[in-house]
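Everything below concerns the one structure shown next.
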């Protein structure tokens with residue numbers, strides 16, 4: 006499930022990140038790269054980064070970090086983060 010970034014007011018699609026990634030740490034990493042590279046240039050508005058993820062079967066603590074740097078950019082451009090948890094799925098169901 007990708008990180009779906011869109012304008013909350015107009016529903017305009019802005020970006021899809023990590024199309025084949027389902028784990029939260031990887032999704033957050035993809036969002037961080039995008040924010041630092043492109044997202045910081047968005048004009049102030051009302052945006053959503055909807056992170057769709059699946060629980061890691063081998064998870065034992067830890068995970069992704071939404072850093073202060075990411076949060077500063079998101080506040081500057083007006084972006085909320087939605088965490089959309091999906092039930093455990095095998096690879097064939099995801100396709």
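Numbering (my numbering), first residue to last: 6 to 100.
All residues carry an ideal CB built from backbone N, CA and C; glycine is no exception.
Quantities reported herein were computed from a predicted structural model and do not represent experimental measurements.
Inset, instruction - Would you kindly report the start and end of the unbroken beta strand (DSSP E) that includes residue 22? - result: 18-22
Legend entry - residue 36 - containing alpha helix (DSSP H), residue span: 29-42
Legend entry - Alpha-carbon spacing of residue 76 relative to residue 83, whole angstroms: 10 angstroms
Inset, instruction - Please classify residue 86: does DSSP put it in a helix, a strand, or coil? - result: strand
Legend entry - Exposure label - residue 64; buried when at least 16 CB within 10 Å: exposed
Inset, instruction - Run the CB neighbour count on residue 22, radius 10 Å, all protein chains shown included, and call it buried at 16 or more, exposed below. - result: buried
Inset, instruction - Please go through the same chain and pick out, in chain order, the residues whose beta-carbon is closer than 6 angstroms to the beta-carbon of residue 40, but skip the five residues on each side of it. - result: 75 and 78
Inset, instruction - Classify residue 73 as helix, strand or coil using the three-state DSSP reduction. - result: It is helical.
Inset, instruction - Return the CA-CA distance between residue 18 and residue 62, expressed in angstroms with no decimal places. - result: 31 angstroms
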